[in-house]
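K.L.:
The following block contains the structure, expressed as structure tokens.
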Amino acid sequence: MQFLLPCRAPAGEQDQHDKHQPPNSEPTSRNAEDMGKKDGAIEVEGRVVEPLPNAMFRVELENGHKVLAHISGKMRQHYIRILPEDRVVVELSPYDLSRGRIVYRYK
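According to numbering that gives the first Met the number 0, the sequence shown holds residues 0 to 106 in order.
Pasting the structure below:
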């Protein structure tokens with residue numbers, strides 16, 4: 000009786016893709032609009048009321064609440080300027096609804 004055993008490559012010759020992908024993980028595909036969005040984040044529109052130090056802003060939401068918001072990393076990378084009275088989209092964490100991240104500035 001003859002058994003066939005799987006052949007393994009020597010340790011240095013493994014495929015590059017196998018090294019970086021954990022076992023039992025499936026590749027995930029995401030839409031471009033979902034790439035920046037965090038899981039469970041709440042997106043609301045608002046208006047910048049006043050700029051604060053350290054790239055923070057006081058934003059008044061459509062429902063009248065005021066939150067403290069900072070600029071998202073992608074907006075900083077692309078030097079998008081935010082001025083008082085700008086309309087913006089703020090991402091709020093479900094854990095702290097008084098702080099948020101500005102993810103979009105309307106033109």
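Even glycine gets a Cβ: it sits at the ideal position worked out from N, Cα and C.
Computed from a predicted structure; not experimentally measured.
#1: In whole angstroms, give me the CA-to-CA distance for residue 104 and residue 94.
#2: So residue 66 packs on residue 92, CB below 8 Å; how close in whole Å?
#3: Where does residue 106 sit, in a helix, a strand or coil, going by DSSP?
#4: I need the boundaries of the beta strand (DSSP E) containing residue 45, first residue and last residue.
#5: Considering Cα atoms alone, identify which of 78, 57, 102, 76 is closest to residue 88.
#6: Please state if the CB of residue 86 and the CB of residue 44 are separated by a distance shorter than 8 Å.
#7: What does a CB cutoff of less than 6 Å around residue 59 pick up in its chain, not counting 5 residues either side in sequence?
#8: Please identify the residue among 42, 38, 1, 53 whose C-alpha is closest to the C-alpha of residue 75.
#9: Tell me which residues share the same chain as residue 70 and place their Cβ nearer than 7 Å to its Cβ, disregarding the 5 neighbours each side in the sequence.
#10: Verify whether the separation of the beta carbon atoms of residue 42 and residue 90 is less than 8 Å.
P.N.:
Let's see:
#1: The residue given as residue 104 occupies position 105 in the sequence shown. The residue given as residue 94 occupies position 95 in the sequence shown. Rounded to the nearest angstrom, the two C-alpha atoms are 24 Å apart.
#2: In the sequence shown, counting from the first residue as 1, residue 66 sits at position 67. In the sequence shown, counting from the first residue as 1, residue 92 sits at position 93. Not really, about 11 Å apart at Cβ, beyond 8 Å.
#3: For this step, residue 106 is matched to residue 107 along the sequence shown. Annotated three-state conformation of residue 106 is coil, per DSSP.
#4: Position 46 of the sequence shown holds residue 45. From DSSP, the beta strand (DSSP E) with residue 45 extends over 41 to 51.
#5: Residue 88 sits at position 89 when you count from the first residue of the sequence shown. Ranking 78, 57, 102, 76 by Cα distance to residue 88 puts 102 first.
#6: Along the sequence shown, one-based indexing puts residue 44 at 45. Along the sequence shown, one-based indexing puts residue 86 at 87. For residue 44 and residue 86, yes; Cβs fall inside 8 Å.
#7: Numbered from its first residue, the sequence shown carries residue 59 at position 60. The answer, listed in chain order, is 45, 46, 48, 65.
#8: For the purposes of this step, residue 75 is taken as the residue at position 76 of the sequence shown. Out of 42, 38, 1, 53, the CA that lies nearest to the CA of residue 75 is found in 53.
#9: Here residue 70 refers to the residue found at position 71 of the sequence shown. Once the five neighbours on either side are set aside, the close Cβ partners of residue 70 are 54, 81, 101.
#10: Stepping through the sequence shown from its first residue, residue 42 is reached at position 43. Stepping through the sequence shown from its first residue, residue 90 is reached at position 91. It is a contact, given that the beta carbons lie within the stated cut-off.
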